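Below is one structure; the comments refer to it alone.
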Amino acid sequence: MSMAHRARIWLHRAATCGALLAAAALAVPAQSAHAAPGEPSPAPSASSGASGGSGGGRSAEKKYRDMPLDELLEELQKLYHSAEESTEKYNDASDRLKKQRAEVKKVRGRLDDKRDEVDEGRKVAGALARQQYRHGSISPYAGMLLSDDPNSVIDQRRLIAQGVDAQVHTVERLEAAEKELSRLADRAQEALEKAEELAAKERGARDEVKKKLADVERVVASLTGTQLADLQRMEQREIDRMQAEFIASGALGTGARGASRGGAKAIAYALAQLGKPYVWGAEGPDSFDCSGLTSQAWLAAGKVIPRTSQEQWRQLPRVPLERMRPGDLVIYGAGATHVGIYLGDGAVVHAPRPGSYVKVAPVGSMTVIGAVRPDEGAKSMEDYKVPEVPKSAEKGAPIGTGL
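According to the working numbering, the stretch in the sequence shown is residues 806 to 1208, in order.
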(Lines of atoms letter the chains of each structure in order from A and count residues from 1; the text may use other names and numbers.)
(Lines give C-alpha, C1' and ligand atoms only; values in the text may rest on other atoms or scores of the structure.)
Protein backbone atom coordinates (compact mmCIF):
# COMPACT_ATOMS: atom_id res chain seq x y z
CA MET A 1 0.00 0.00 0.00
CA SER A 2 1.47 3.39 -0.98
CA MET A 3 2.22 6.12 1.54
CA ALA A 4 -0.27 8.39 -0.22
CA HIS A 5 -2.99 5.75 0.14
CA ARG A 6 -2.18 5.21 3.81
CA ALA A 7 -2.30 8.98 4.37
CA ARG A 8 -5.74 9.15 2.80
CA ILE A 9 -6.96 6.33 5.04
CA TRP A 10 -5.49 8.04 8.10
CA LEU A 11 -7.15 11.33 7.23
CA HIS A 12 -10.48 9.60 6.63
CA ARG A 13 -10.35 8.07 10.09
CA ALA A 14 -9.31 11.28 11.86
CA ALA A 15 -11.83 12.42 14.41
CA THR A 16 -14.32 14.93 13.02
CA CYS A 17 -16.41 17.52 14.77
CA GLY A 18 -19.94 16.48 15.69
CA ALA A 19 -22.78 18.05 13.75
CA LEU A 20 -24.23 21.17 15.34
CA LEU A 21 -27.43 20.29 17.19
CA ALA A 22 -30.68 22.24 17.00
CA ALA A 23 -32.17 23.55 20.25
CA ALA A 24 -34.30 21.23 22.40
CA ALA A 25 -38.01 20.75 21.63
CA LEU A 26 -40.46 23.14 23.27
CA ALA A 27 -41.92 21.87 26.54
CA VAL A 28 -45.68 21.95 27.20
CA PRO A 29 -46.48 25.36 28.74
CA ALA A 30 -47.37 25.35 32.41
CA GLN A 31 -48.88 28.07 34.59
CA SER A 32 -46.04 30.50 35.42
CA ALA A 33 -45.35 32.07 38.78
CA HIS A 34 -43.61 35.18 37.35
CA ALA A 35 -44.77 38.72 37.77
CA ALA A 36 -43.52 41.97 36.34
CA PRO A 37 -41.31 44.06 38.67
CA GLY A 38 -43.37 45.49 41.52
CA GLU A 39 -46.17 42.94 41.14
CA PRO A 40 -46.75 40.16 43.71
CA SER A 41 -45.84 36.68 42.50
CA PRO A 42 -48.50 34.01 42.96
CA ALA A 43 -47.42 30.71 44.48
CA PRO A 44 -46.10 28.24 41.92
CA SER A 45 -48.49 25.53 40.83
CA ALA A 46 -47.71 21.91 41.65
CA SER A 47 -46.74 21.32 38.04
CA SER A 48 -44.48 24.34 37.69
CA GLY A 49 -41.24 22.38 38.23
CA ALA A 50 -42.29 19.22 36.46
CA SER A 51 -41.03 19.84 32.95
CA GLY A 52 -39.03 17.10 31.25
CA GLY A 53 -35.36 16.41 31.80
CA SER A 54 -33.14 15.39 34.66
CA GLY A 55 -33.61 16.33 38.27
CA GLY A 56 -30.88 18.92 37.83
CA GLY A 57 -32.81 20.44 34.92
CA ARG A 58 -36.02 20.61 36.99
CA SER A 59 -34.10 22.24 39.85
CA ALA A 60 -32.64 24.83 37.50
CA GLU A 61 -36.05 25.55 36.00
CA LYS A 62 -37.54 26.04 39.47
CA LYS A 63 -34.85 28.63 40.20
CA TYR A 64 -35.76 30.53 37.06
CA ARG A 65 -39.50 30.22 37.72
CA ASP A 66 -39.06 31.98 41.05
CA MET A 67 -37.31 35.00 39.45
CA PRO A 68 -39.08 38.33 38.86
CA LEU A 69 -39.47 39.12 35.17
CA ASP A 70 -36.69 41.72 35.08
CA GLU A 71 -34.22 39.26 36.60
CA LEU A 72 -35.41 36.51 34.26
CA LEU A 73 -34.83 38.82 31.28
CA GLU A 74 -31.33 39.63 32.53
CA GLU A 75 -30.53 35.94 32.96
CA LEU A 76 -31.90 35.13 29.52
CA GLN A 77 -29.83 37.87 27.88
CA LYS A 78 -26.69 36.66 29.67
CA LEU A 79 -27.31 33.15 28.38
CA TYR A 80 -27.98 34.39 24.85
CA HIS A 81 -24.63 36.18 25.01
CA SER A 82 -22.90 33.12 26.44
CA ALA A 83 -24.50 30.90 23.81
CA GLU A 84 -23.26 33.05 20.96
CA GLU A 85 -19.82 33.47 22.54
CA SER A 86 -19.42 29.72 23.00
CA THR A 87 -20.73 29.08 19.49
CA GLU A 88 -18.25 31.52 17.94
CA LYS A 89 -15.42 29.97 19.96
CA TYR A 90 -16.46 26.53 18.77
CA ASN A 91 -16.74 27.78 15.18
CA ASP A 92 -13.26 29.27 15.51
CA ALA A 93 -11.85 26.02 16.90
CA SER A 94 -13.58 24.04 14.15
CA ASP A 95 -12.18 26.36 11.50
CA ARG A 96 -8.68 25.96 12.90
CA LEU A 97 -9.18 22.19 13.01
CA LYS A 98 -10.22 22.16 9.37
CA LYS A 99 -7.15 24.17 8.37
CA GLN A 100 -4.85 21.94 10.41
CA ARG A 101 -6.26 18.82 8.76
CA ALA A 102 -5.55 20.41 5.40
CA GLU A 103 -2.00 21.23 6.54
CA VAL A 104 -1.43 17.63 7.67
CA LYS A 105 -2.67 16.37 4.33
CA LYS A 106 -0.41 18.82 2.47
CA VAL A 107 2.72 17.93 4.48
CA ARG A 108 2.07 14.20 4.21
CA GLY A 109 1.62 14.58 0.47
CA ARG A 110 4.97 16.37 0.22
CA LEU A 111 6.54 13.66 2.37
CA ASP A 112 5.18 10.92 0.08
CA ASP A 113 6.53 12.74 -2.98
CA LYS A 114 9.95 13.16 -1.37
CA ARG A 115 10.07 9.48 -0.44
CA ASP A 116 9.31 8.62 -4.05
CA GLU A 117 12.21 10.87 -5.11
CA VAL A 118 14.51 9.15 -2.61
CA ASP A 119 13.50 5.72 -3.90
CA GLU A 120 14.08 6.80 -7.49
CA GLY A 121 17.42 8.33 -6.56
CA ARG A 122 18.51 5.13 -4.88
CA LYS A 123 17.57 3.14 -7.99
CA VAL A 124 19.67 5.43 -10.19
CA ALA A 125 22.59 5.24 -7.75
CA GLY A 126 22.30 1.44 -7.73
CA ALA A 127 22.28 1.26 -11.52
CA LEU A 128 25.39 3.45 -11.71
CA ALA A 129 27.13 1.37 -9.06
CA ARG A 130 26.39 -1.82 -10.96
CA GLN A 131 27.71 -0.28 -14.14
CA GLN A 132 30.84 0.80 -12.31
CA TYR A 133 31.24 -2.71 -10.93
CA ARG A 134 30.93 -4.27 -14.36
CA HIS A 135 33.57 -1.97 -15.80
CA GLY A 136 35.73 -2.51 -12.75
CA SER A 137 35.79 -6.31 -13.20
CA ILE A 138 38.42 -5.78 -15.96
CA SER A 139 41.64 -4.08 -14.96
CA PRO A 140 42.09 -0.59 -16.42
CA TYR A 141 45.30 -1.76 -18.22
CA ALA A 142 43.55 -4.76 -19.85
CA GLY A 143 40.61 -2.57 -20.85
CA MET A 144 42.84 -0.14 -22.67
CA LEU A 145 44.73 -2.94 -24.44
CA LEU A 146 41.52 -4.56 -25.66
CA SER A 147 39.84 -1.31 -26.69
CA ASP A 148 40.15 0.33 -30.09
CA ASP A 149 40.03 3.68 -28.28
CA PRO A 150 41.94 3.56 -24.97
CA ASN A 151 41.13 7.20 -24.20
CA SER A 152 37.40 6.48 -24.33
CA VAL A 153 37.87 3.72 -21.71
CA ILE A 154 39.52 6.18 -19.39
CA ASP A 155 36.83 8.80 -20.01
CA GLN A 156 34.04 6.29 -19.51
CA ARG A 157 35.42 5.07 -16.20
CA ARG A 158 35.91 8.62 -15.01
CA LEU A 159 32.36 9.64 -16.01
CA ILE A 160 30.81 6.62 -14.32
CA ALA A 161 32.74 7.32 -11.12
CA GLN A 162 31.67 10.96 -11.20
CA GLY A 163 28.07 9.94 -11.82
CA VAL A 164 28.10 7.58 -8.87
CA ASP A 165 29.53 10.26 -6.58
CA ALA A 166 27.01 12.85 -7.77
CA GLN A 167 24.10 10.48 -7.34
CA VAL A 168 25.21 9.49 -3.85
CA HIS A 169 25.25 13.18 -2.88
CA THR A 170 21.81 13.62 -4.47
CA VAL A 171 20.39 10.73 -2.48
CA GLU A 172 21.94 12.08 0.72
CA ARG A 173 20.36 15.48 0.05
CA LEU A 174 16.97 13.89 -0.65
CA GLU A 175 17.19 11.77 2.49
CA ALA A 176 17.94 14.89 4.57
CA ALA A 177 14.90 16.62 3.04
CA GLU A 178 12.82 13.51 3.74
CA LYS A 179 13.82 13.55 7.41
CA GLU A 180 12.92 17.24 7.73
CA LEU A 181 9.53 16.67 6.11
CA SER A 182 8.98 13.72 8.43
CA ARG A 183 9.62 16.02 11.40
CA LEU A 184 7.22 18.59 9.94
CA ALA A 185 4.58 15.88 9.49
CA ASP A 186 5.01 14.80 13.12
CA ARG A 187 4.64 18.39 14.34
CA ALA A 188 1.59 18.90 12.11
CA GLN A 189 0.05 15.74 13.53
CA GLU A 190 0.68 16.95 17.09
CA ALA A 191 -0.95 20.30 16.24
CA LEU A 192 -3.89 18.44 14.73
CA GLU A 193 -4.41 16.43 17.91
CA LYS A 194 -4.34 19.63 19.98
CA ALA A 195 -6.84 21.26 17.60
CA GLU A 196 -9.13 18.24 17.96
CA GLU A 197 -8.92 18.48 21.75
CA LEU A 198 -9.72 22.21 21.67
CA ALA A 199 -12.67 21.72 19.31
CA ALA A 200 -14.05 18.99 21.60
CA LYS A 201 -13.61 21.24 24.64
CA GLU A 202 -15.36 24.20 22.97
CA ARG A 203 -18.15 21.95 21.73
CA GLY A 204 -18.70 20.72 25.30
CA ALA A 205 -18.79 24.30 26.62
CA ARG A 206 -21.26 25.30 23.92
CA ASP A 207 -23.52 22.34 24.61
CA GLU A 208 -23.50 23.11 28.35
CA VAL A 209 -24.67 26.68 27.67
CA LYS A 210 -27.35 25.32 25.33
CA LYS A 211 -28.70 23.15 28.14
CA LYS A 212 -28.92 26.11 30.52
CA LEU A 213 -30.55 28.22 27.84
CA ALA A 214 -33.10 25.49 27.19
CA ASP A 215 -34.02 25.50 30.91
CA VAL A 216 -34.69 29.25 30.88
CA GLU A 217 -36.54 29.18 27.58
CA ARG A 218 -38.86 26.44 28.82
CA VAL A 219 -39.73 28.70 31.73
CA VAL A 220 -40.28 31.67 29.40
CA ALA A 221 -42.47 29.49 27.19
CA SER A 222 -44.70 28.80 30.22
CA LEU A 223 -45.42 32.50 30.83
CA THR A 224 -48.89 33.87 30.30
CA GLY A 225 -49.48 36.12 27.30
CA THR A 226 -49.47 39.19 29.54
CA GLN A 227 -46.22 38.21 31.21
CA LEU A 228 -44.53 37.48 27.89
CA ALA A 229 -45.68 40.86 26.53
CA ASP A 230 -44.25 42.55 29.63
CA LEU A 231 -40.94 40.72 29.09
CA GLN A 232 -40.78 41.82 25.46
CA ARG A 233 -41.57 45.43 26.38
CA MET A 234 -38.70 45.37 28.87
CA GLU A 235 -36.36 44.07 26.20
CA GLN A 236 -37.49 46.71 23.68
CA ARG A 237 -37.09 49.51 26.24
CA GLU A 238 -33.50 48.40 26.85
CA ILE A 239 -32.79 48.29 23.08
CA ASP A 240 -34.27 51.78 22.61
CA ARG A 241 -32.23 53.15 25.52
CA MET A 242 -28.94 51.70 24.23
CA GLN A 243 -29.57 52.96 20.69
CA ALA A 244 -30.43 56.45 21.91
CA GLU A 245 -27.25 56.60 23.99
CA PHE A 246 -25.16 55.29 21.10
CA ILE A 247 -26.52 57.87 18.63
CA ALA A 248 -26.24 60.69 21.19
CA SER A 249 -22.57 59.82 21.73
CA GLY A 250 -21.81 60.93 18.17
CA ALA A 251 -19.98 57.66 17.52
CA LEU A 252 -21.34 57.45 13.98
CA GLY A 253 -20.04 60.88 13.01
CA THR A 254 -21.92 63.13 10.62
CA GLY A 255 -22.80 62.97 6.96
CA ALA A 256 -23.87 60.07 4.78
CA ARG A 257 -21.31 57.66 3.35
CA GLY A 258 -21.97 55.36 0.43
CA ALA A 259 -21.22 51.67 0.26
CA SER A 260 -18.56 50.27 -2.04
CA ARG A 261 -19.77 48.08 -4.88
CA GLY A 262 -18.75 45.03 -2.88
CA GLY A 263 -20.46 46.36 0.23
CA ALA A 264 -23.67 46.94 -1.72
CA LYS A 265 -23.59 43.34 -2.97
CA ALA A 266 -22.97 42.04 0.56
CA ILE A 267 -25.92 44.06 1.85
CA ALA A 268 -28.18 42.82 -0.95
CA TYR A 269 -27.27 39.22 -0.11
CA ALA A 270 -27.89 39.73 3.62
CA LEU A 271 -31.25 41.42 3.07
CA ALA A 272 -32.32 38.54 0.81
CA GLN A 273 -31.91 36.26 3.88
CA LEU A 274 -34.37 38.21 6.07
CA GLY A 275 -36.59 35.88 8.04
CA LYS A 276 -34.29 32.86 7.85
CA PRO A 277 -33.67 31.28 11.26
CA TYR A 278 -30.61 31.57 13.45
CA VAL A 279 -29.02 28.15 13.87
CA TRP A 280 -25.79 27.45 15.76
CA GLY A 281 -22.89 27.09 13.32
CA ALA A 282 -25.03 27.58 10.20
CA GLU A 283 -23.74 29.47 7.15
CA GLY A 284 -26.66 29.12 4.76
CA PRO A 285 -28.40 28.72 2.56
CA ASP A 286 -31.48 28.11 4.73
CA SER A 287 -30.20 29.27 8.15
CA PHE A 288 -27.33 31.28 9.62
CA ASP A 289 -25.52 32.24 12.76
CA CYS A 290 -24.14 35.78 13.02
CA SER A 291 -20.74 35.26 11.38
CA GLY A 292 -22.15 32.69 9.00
CA LEU A 293 -24.33 35.48 7.58
CA THR A 294 -21.53 38.06 7.32
CA SER A 295 -18.99 35.68 5.80
CA GLN A 296 -21.46 34.39 3.21
CA ALA A 297 -22.67 37.90 2.38
CA TRP A 298 -19.14 39.02 1.56
CA LEU A 299 -18.45 35.79 -0.28
CA ALA A 300 -21.42 36.63 -2.49
CA ALA A 301 -19.70 39.97 -3.10
CA GLY A 302 -16.59 38.13 -4.27
CA LYS A 303 -14.55 38.55 -1.07
CA VAL A 304 -13.46 35.67 1.16
CA ILE A 305 -13.32 36.75 4.81
CA PRO A 306 -12.72 34.77 8.03
CA ARG A 307 -15.56 32.56 9.21
CA THR A 308 -15.94 33.69 12.83
CA SER A 309 -16.62 37.07 14.44
CA GLN A 310 -13.40 36.82 16.47
CA GLU A 311 -11.30 36.20 13.35
CA GLN A 312 -13.14 38.92 11.44
CA TRP A 313 -12.27 41.32 14.25
CA ARG A 314 -8.65 40.11 14.44
CA GLN A 315 -7.85 39.90 10.73
CA LEU A 316 -9.87 42.50 8.85
CA PRO A 317 -8.82 46.17 8.66
CA ARG A 318 -10.45 48.24 11.38
CA VAL A 319 -12.15 51.55 10.73
CA PRO A 320 -13.26 54.24 13.20
CA LEU A 321 -17.00 54.17 13.83
CA GLU A 322 -17.31 57.75 12.61
CA ARG A 323 -15.97 56.61 9.22
CA MET A 324 -18.08 53.45 9.00
CA ARG A 325 -19.93 52.98 5.73
CA PRO A 326 -22.67 50.56 4.61
CA GLY A 327 -21.26 47.08 4.11
CA ASP A 328 -18.74 47.35 6.94
CA LEU A 329 -19.01 44.82 9.74
CA VAL A 330 -20.04 45.98 13.21
CA ILE A 331 -18.42 43.94 16.00
CA TYR A 332 -20.13 43.48 19.35
CA GLY A 333 -19.17 42.27 22.81
CA ALA A 334 -15.89 42.32 24.73
CA GLY A 335 -14.80 39.04 23.13
CA ALA A 336 -16.01 40.00 19.62
CA THR A 337 -18.83 37.52 20.13
CA HIS A 338 -21.31 38.98 17.65
CA VAL A 339 -21.23 40.68 14.26
CA GLY A 340 -23.65 42.35 11.88
CA ILE A 341 -23.52 44.23 8.55
CA TYR A 342 -24.00 47.98 8.69
CA LEU A 343 -26.81 49.21 6.44
CA GLY A 344 -26.51 52.94 7.07
CA ASP A 345 -28.96 55.24 8.87
CA GLY A 346 -28.00 53.66 12.22
CA ALA A 347 -29.12 50.12 11.38
CA VAL A 348 -27.56 46.69 10.89
CA VAL A 349 -28.77 43.43 9.41
CA HIS A 350 -27.77 40.41 11.47
CA ALA A 351 -28.69 36.97 12.78
CA PRO A 352 -29.17 37.99 16.41
CA ARG A 353 -29.54 34.95 18.65
CA PRO A 354 -30.90 31.43 19.08
CA GLY A 355 -34.61 31.31 18.39
CA SER A 356 -34.61 34.46 16.32
CA TYR A 357 -33.99 34.99 12.63
CA VAL A 358 -32.16 37.31 10.26
CA LYS A 359 -33.51 40.80 10.87
CA VAL A 360 -32.73 44.51 10.82
CA ALA A 361 -31.92 46.13 14.17
CA PRO A 362 -30.57 49.40 15.61
CA VAL A 363 -26.78 49.42 15.39
CA GLY A 364 -26.49 50.35 19.08
CA SER A 365 -28.85 47.67 20.40
CA MET A 366 -25.83 45.78 21.76
CA THR A 367 -22.43 46.88 23.02
CA VAL A 368 -20.39 47.95 19.98
CA ILE A 369 -16.60 47.49 20.23
CA GLY A 370 -15.68 48.56 16.71
CA ALA A 371 -16.01 48.06 12.98
CA VAL A 372 -13.98 46.35 10.25
CA ARG A 373 -13.92 46.80 6.48
CA PRO A 374 -13.53 43.69 4.30
CA ASP A 375 -12.69 45.74 1.18
CA GLU A 376 -10.35 48.39 2.47
CA GLY A 377 -9.25 50.63 -0.37
CA ALA A 378 -12.42 50.17 -2.43
CA LYS A 379 -14.14 53.44 -3.35
CA SER A 380 -17.54 54.41 -1.98
CA MET A 381 -20.33 54.90 -4.50
CA GLU A 382 -21.48 58.49 -4.58
CA ASP A 383 -24.96 57.55 -5.77
CA TYR A 384 -25.52 54.83 -3.12
CA LYS A 385 -28.90 54.84 -1.39
CA VAL A 386 -29.68 52.95 1.79
CA PRO A 387 -32.13 50.16 0.89
CA GLU A 388 -35.69 50.49 2.13
CA VAL A 389 -36.44 47.69 4.54
CA PRO A 390 -39.98 46.56 5.38
CA LYS A 391 -41.01 47.21 8.98
CA SER A 392 -41.57 43.49 9.45
CA ALA A 393 -37.81 42.98 9.02
CA GLU A 394 -37.23 44.92 12.24
CA LYS A 395 -39.37 42.63 14.35
CA GLY A 396 -37.41 39.75 15.77
CA ALA A 397 -38.79 36.51 17.14
CA PRO A 398 -40.28 36.93 20.61
CA ILE A 399 -37.70 36.61 23.31
CA GLY A 400 -37.39 33.14 24.76
CA THR A 401 -38.47 31.27 21.63
CA GLY A 402 -35.18 29.61 20.91
CA LEU A 403 -36.38 26.08 21.60
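A virtual CB, placed ideally from N, CA and C, is assigned to each residue, including glycine.
Here the structure is a predicted model, which means the values were calculated and not measured.
When the distance is taken between beta carbons, is Val1191 closer than 8 Å to Leu1148? Going by beta carbons, Leu1148 and Val1191 fall inside the 8 Å limit.
Can you name, in chain order, every residue of its own chain whose Cβ lies under 7 Å from the Cβ of Val976, other than the five neighbours on each side? Val923, Gly926, Arg927 and Ala930
Comparing alpha-carbon positions, which option in Gln1041, Val1165, Ala1004 and Lys894 lies nearest Leu878? Gln1041
Around the Cβ of Asp1091, are there at least 16 other Cβ atoms within 10 angstroms (buried) or fewer (exposed)? exposed
Please state whether the Cβ-Cβ distance between Asp1133 and Ala1166 is less than 8 Å. no
C-beta atoms of Ala1141 and Ser1114 nearer than 8 Å: yes
Note down the Cα distance separating Gly1030 from Leu1036, rounded to an integer number of angstroms. 10 Å
Beta-carbon gap between Glu893 and Ser1161 smaller than 8 Å: no
Alpha carbon to alpha carbon, how far is Met1015 from Ala888? Note on residue identity: the sequence assigns Lys, not Met, to residue 1015. Rounded to whole angstroms, Lys1015 to Ala888 spans 6 Å at the Cα level.
Can you give the Cα-Cα distance for Leu986 and Glu1001, rounded to whole angstroms? 22 Å
Count the other CB atoms, across all protein chains shown, that sit within 10 Å of the CB of Asp991; report buried if there are 16 or more and exposed otherwise. exposed
Report the option in Leu874, Arg920 and Leu997 whose CA atom is closest to the CA atom of Arg906. Leu997
Would you list the residues sitting across from Lys1164 in a DSSP beta bridge? His1155
Just grab the DSSP bridge partners of Arg1123 for me. Val1177
Secondary structure at Gly1145, three-state DSSP: helix, strand or coil? strand
Go through its chain and collect everything with a Cβ distance to Ala1102's Cβ below 7 Å, but skip five positions before and after it. Ala1071, Tyr1074, Ala1075 and Ile1146
Between which two residues does the alpha helix (DSSP H) carrying Leu1104 extend? Cys1095 to Ala1105
Can you say whether Pro1249 is buried or exposed, counting buried as having 16 or more other CB atoms within 10 angstroms of its CB? Since the displayed the chain opens at 806 and closes at 1208, residue 1249 lies outside it and no answer follows.
Spatial neighbours of Ala1049 within its chain, please: C-beta separation below 6 Å, excluding the five flanking residues on both sides. none
In the DSSP assignment, what are the bridge partners of Tyr895? Paired residue(s): none; Tyr895 is not in a bridge.
Residue burial classification, Val1109 (beta-carbon count within 10 angstroms, cutoff 16): exposed
With 16 as the cutoff for other CB atoms within 10 Å, does Ala971 come out buried or exposed? By the neighbour-count rule (16 or more Cβ atoms within 10 Å), Ala971 is not buried but exposed.
Mind reading off the beta-carbon distance from Gln1117 to Pro1125? Whole number of angstroms is fine, and I expect it under 8 Å. 17 Å between Cβ atoms; not a contact.
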